[in-house]
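Student: Take this structure first; my questions come after.
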Amino acid sequence: MERKSVGSLGAAAILAVSLLAGCSGGQTGPGPSGKDQDTGDKGKDKVEISFWYGWGGPEEQVIKKLIDKFNASQDRIIVKGTLEADYSKQLTAITAGSPPDVASQFGSNSVPYGVDGAMTPLDDYMKKSGVAATDFVNGALEQNQYDGVTYALPVAMHISMLLYNKDLLAEAGYDKPPETVQQLAEYFDKLNKIEANGEIKRLAINPNLPIYDFAYLFGGRFYDEENNEITPQDPGFLQAMKYNVSLWKKAGGNEKLSPFLNSLGTPNTVDDPFFTGKYAMMIAGEWVPSFIKRFAPPNFSYGIAPLPYDENHPDKQGSVSVNTSTFYIPKGAKHPEEAWEFIRWFLEPDNTAEFNAGIGNLPPVLKSIDSEAFAGVPGFKEYLEASKNPNLFTFPSMPFTPQYRNEIGAAYTEVLNGNLTPEVAGKQIADKMKPILEKYKK
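Just add 10 to the spot in the sequence shown (first one is 1) and you have the numbering used here.
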């Protein structure tokens, strides 16, 4: 499951200086250190294209199966797949003028890498092949676009939902999960199990709720497209920080929360705090139900629901951020046309469904959502249904997004620790981002 984002604008910016020299000088750079997939007899008339992917372990078998399926589906192109989990090597190869023809990447890196010249724009290919923005789940394609240019296409995605322990909710008198943040605050009071001395035995939910998602659920935003300005002082973002702080304080603040949180078991194992009843609820991605099936007690009863929304913003119901894994054509690829044919084929609904069902991710292609391929994947019914919601969004994709997110994260941590007010944090983010933004003013 490709979930962890790596790389930064700083790494991508190396290309701005060295890309042209690397691509025009005829240099041969180092290839990937991973293991090549056996492609068999390639035939004299076939074009062989190289494909670097980051899925290892059991997931690699799924990607290999799809590669074999593509190779057998036509007689013009042979895809030679190579596992290369270190995505930073893609930049090295592109700079040296020896990139693969196709590569997988995290959607959060698409715009920074693309703007710095590492990725081939795909819009002309999409137009010729009839691939449209409306083919994709809301937010999935947008993560890979900037200023009207598409740099990569999503092949897998992740969203989060609220998982809840039905038995613990029933003990507290609830027969359904909280639908609003106002209800969540009430559930938080009743489901917490805290001793008279403040020692925490159980939390309703970790009060450090995902700030990006809850900012949108409170009606906020992080970027004003019309005026081309970041909005770290948006009322919705400030309200989300205040809400999280209120829950944090209810649980005893750092003094009581730190020892409890540090005592929790490893996620997605038999000691997972949700599986063991240390959390009555949790917010997590689509991969967790599979771990529940493997590691939770046999009688563990749970449900899955959308994230609670602010009752003052009912239009935001179902809002949740989308993160993607993508395919792209590196700048300087030897066979871009054939590379596109492989990407286009991979995005056909049946192929996208087969891939995501095999690796336990969600499909970013709308026509893949109702595929029977997902019938046996634990918990996917609810996640797939949530994927259809038009309120899905992605954090704004901009060349400076890595720095922006870093500043938000640092300031929010200070707010949670009681060192800054949300208002001061918002201004601090704006002040620190100002010199960076000047570079990209249109």
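In this text, a Cβ means the ideal position worked out from N, Cα and C, and glycines have one as well.
1) Are the beta-carbon atoms belonging to residue 90 and residue 61 less than 8 Å from one another?
2) Where in the segment 303-355 do unbroken runs of the beta strand (DSSP E), each at least 3 residues long, occur, reported from the N-terminal end onward?
3) Skipping 5 residues on each side, what residues in its chain have a beta carbon closer than 6 Å to that of residue 364?
4) So residue 9 is in the alpha helix (DSSP H); what residue range does that whole segment cover?
5) Report the rounded CA-to-CA distance for residue 353 versus residue 370, giving the unit in angstroms.
6) Alpha carbon to alpha carbon, how far is residue 123 from residue 156?
7) Among residues of its own chain, excluding the 5 on either side of residue 229, which ones have a beta-carbon nearer than 7 Å to its beta-carbon?
8) On the DSSP letters alone, give me the boundaries of the beta strand (DSSP E) that residue 170 sits inside.
9) Short check: CB of residue 286 to CB of residue 331, under 8 Å?
10) With DSSP as the reference, identify every bridge partner of residue 62, one or two as the case may be.
11) Do the CB positions of residue 68 and residue 340 come within less than 8 Å of each other?
12) How about residue 227 and residue 214: are their beta carbons less than 8 Å apart?
13) Using the Cα positions of residue 361 and residue 196, report the straight-line distance between them to the nearest angstrom.
14) For the 8 Å Cβ check, are there 3 or more pairs between the segment 164-184 and the segment 278-295?
15) Can you tell me which of 417, 151, 211 and 338 puts its alpha carbon nearest to the alpha carbon of residue 273?
16) May I ask you to report which of helix, strand or coil DSSP gives residue 147?
17) So, for residue 191: in the same chain, excluding its five sequence neighbours on each side, which residues have a beta-carbon less than 8 Å away from its beta-carbon?
18) Along the chain, where does the alpha helix (DSSP H) containing residue 200 start, and where does it finish?
19) Please name the residue, chosen from 316, 97, 367 and 129, that lies closest to residue 397 on a Cα-to-Cα basis.
20) Please report the distance separating the alpha-carbon of residue 414 from that of residue 240.
21) Give me the Cα-Cα distance between residue 366 and residue 372, rounded to the nearest whole angstrom.
22) Look at the alpha carbon of residue 73 and the alpha carbon of residue 65, and state the distance between them as a whole number of angstroms.
23) Since residue 160 sits in a beta bridge, which residues does DSSP pair it with?
24) For the segment 259-267 and the segment 135-142, state whether three or more C-beta atom pairs, one from each stretch, are separated by less than 8 Å.
25) Given residue 255, which residues of its chain have a CB within under 7 Å of its CB, disregarding the five upstream and five downstream residues?
26) Given residue 418, which residues of its chain have a CB within under 7 Å of its CB, disregarding the five upstream and five downstream residues?
27) By how many angstroms is the C-alpha of residue 103 removed from the C-alpha of residue 351?
28) For the pair the segment 128-139 and the segment 295-305, tell me if three or more CB-CB distances fall below 8 Å.
29) Which residues does DSSP pair with residue 294 in a beta bridge?
30) Determine the contact status of residue 402 and residue 148, defining contact as a CB-CB distance below 8 Å.
31) Here's a check: name, in chain order, each residue in its chain whose Cβ is nearer than 7 Å to the Cβ of residue 406, leaving out the five neighbours to either side.
32) Among 296, 267, 270 and 137, which has the Cα closest to the Cα of residue 278?
33) Out of curiosity, what's the CA-to-CA distance linking residue 114 and residue 94?
34) Which whole-angstrom value is the C-beta distance of residue 57 and residue 348, which I expect to be below 8 Å?
35) Which residues does DSSP pair with residue 212 in a beta bridge?
36) Which word fits residue 121, buried or exposed, when buried means at least 16 other C-beta atoms lie within 10 angstroms of its C-beta?
Tutor: According to the structure shown:
1) yes
2) 312-315 and 333-338
3) 383
4) The requested residue 9 is not part of the displayed model; the chain covers only 11 to 452.
5) When rounded, the distance between both Cα atoms is 20 Å.
6) Distance from the CA atom of residue 123 to the CA atom of residue 156, rounded to whole angstroms, is 11 Å.
7) 246, 320, 323 and 326
8) 170-175
9) no
10) Residue 62 is bridged by DSSP to 92 and 113.
11) no
12) no
13) 44 Å
14) In the pairwise beta carbon analysis, the segment 164-184 is classified as touching the segment 278-295: at least three pairs are separated by under 8 Å.
15) 211
16) coil
17) 224, 227, 228, 253, 318, 319, 320 and 321
18) 191-201
19) Sorting 316, 97, 367 and 129 by C-alpha distance to the C-alpha of residue 397 places 316 at the top.
20) 9 Å
21) Whole-angstrom Cα-Cα distance: 6 Å.
22) 8 Å
23) According to the DSSP secondary-structure assignment, residue 160 is paired through a beta bridge with 155.
24) Flag = no, the segment 259-267 and the segment 135-142 do not touch.
25) 425 and 426
26) 242 and 439
27) 22 Å
28) no
29) Beta-bridge partners assigned by DSSP to residue 294: 171.
30) yes
31) 232 and 233
32) 296
33) 9 Å
34) By a beta-carbon distance limit of 8 Å, residue 57 contacts residue 348. Their separation comes to about 5 Å.
35) 203
36) buried
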